[in-house]
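Asks:
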Amino acid sequence: MMNLFDTHAHILDDQFNDDREQVIRNIYDNMALVVNIGCNLEDCPHTVALAEQYDKLYAAVGLHPEDVKTYTPEGWDMICRLAEHPKVVGIGETGLDYYWDTSTKDAQKVLFEQHIDLAKQLHKPLVIHDREAHGDTLEILKRTNAKEAGGILHAFSGSVEMAMEVIKMGFYIGLGGPVTFKNARKAVEVAQAIPLEYLVIETDCPYMAPVPFRGKRNEPMLVQHTAAKIAELRGISLEELIEATYQNGKRVYRLK
Ligand code: NI
190 MMNLFDTHAH ILDDQFNDDR EQVIRNIYDN MALVVNIGCN LEDCPHTVAL AEQYDKLYAA
250 VGLHPEDVKT YTPEGWDMIC RLAEHPKVVG IGETGLDYYW DTSTKDAQKV LFEQHIDLAK
310 QLHKPLVIHD REAHGDTLEI LKRTNAKEAG GILHAFSGSV EMAMEVIKMG FYIGLGGPVT
370 FKNARKAVEV AQAIPLEYLV IETDCPYMAP VPFRGKRNEP MLVQHTAAKI AELRGISLEE
430 LIEATYQNGK RVYRLK
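Okay, so the sequence shown: first residue is 190 according to the numbering used here, each after it adds one.
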């Protein structure tokens, strides 16, 4: 289990305020690496500080599409400065979310392209959120030549066809708790169909806890349940799945 790599966690979420140290201790006892994702102007500096403090934690910084209304030029400058930090290994979470709010579509697109520019400048991969925005996400990734930066389509919810299309551009597919859910048809198909070398695993904690913890608070070490489910779906051993996703995670985040 020691090579478990959670490629997408939110350890600074308020739901960890009472026991964050224990959650980090669980990482040290059970896992190899976690990339902790900053989503808003308040969390990003803390995400970097936490990564400075713990060698198993890395950081990504960005402004989530759901938080597009909090954008300020000063805030963006801060993200750009933080992004240069050596323990910041990804740009995001960024992308498009048309599930919660479609009134901000245009602003989300502008902000997404800003993140893509930054990722290309710094040669760091993108951490991409795409919820009910598959067409526009693909269009922007292609038009901006985002494959220069590469990255992960996290919590991937598209079809096998879309997965293959972004993999052809060099992007990785991030799968988490939903692949273990009873009603998870698309995620299961994707987990089975894509080449193993483009698959990474994640929790997106505190949300999306895998079965048998569905509905409860998620945390990085629970990624082992997602790993076990995907190994079963692909008919390979858990060890092989963990080792492959560990190597893939290190490759996409360009870790030594
Ligand atoms: Ni996330």
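Beta carbons are placed, not taken as given, at the ideal position from N, Cα and C, and that holds for glycine. Quick caveat, the model's predicted, so the values are computed rather than measured.
Name, in chain order, the residues that DSSP records as bridge partners for residue 247.
Replies: The partner list for residue 247 (beta bridge, DSSP) reads 224.
Asks: Quick one: is residue 446 buried, meaning 16 or more other Cβ sit within 10 Å of its Cβ, or exposed?
Replies: Outside the displayed range of the chain (190 to 445) lies residue 446, so it cannot be described from this structure.
Asks: Residues near the ligand NI, CB to any non-hydrogen atom under 6 Å, in chain order?
Replies: Working through the chain, the matches are 197, 199, 226, 282, 393.
Asks: DSSP three-state label for residue 421, please.
Replies: Looking at residue 421 - three-state DSSP - the assignment turns out to be helix.
Asks: Name the DSSP beta bridge partners of residue 452, please?
Replies: No answer is possible for residue 452: it lies beyond the span of the chain, which begins at 190 and ends at 445.
Asks: What are the boundary residues of the alpha helix (DSSP H) that residue 212 is part of?
Replies: First-last of the alpha helix (DSSP H) with residue 212: 209 to 219.
Asks: Under 8 Å by Cβ, that's how I've got residue 285 and residue 256 pegged, so tell me the actual separation to the nearest angstrom.
Replies: In fact, because the Cβ distance is near 13 Å, the residues do not count as touching under 8 Å.
Asks: Can you tell me which residues form a DSSP beta bridge with residue 198?
Replies: DSSP lists 225 as partners of residue 198.
Asks: Pair every Cβ in the region 369 to 381 with every Cβ in the region 246 to 255, then say whether three or more of these pairs are closer than 8 Å.
Replies: The region 369 to 381 vs the region 246 to 255: no contact.
Asks: Considering just the uninterrupted stretch of the alpha helix (DSSP H) at residue 232, what are its terminal residues?
Replies: Counting along the chain, the alpha helix (DSSP H) containing residue 232 begins and ends at 232 to 242.
Asks: Tell me whether the beta-carbon of residue 240 lies closer than 7 Å to the beta-carbon of residue 223.
Replies: No.
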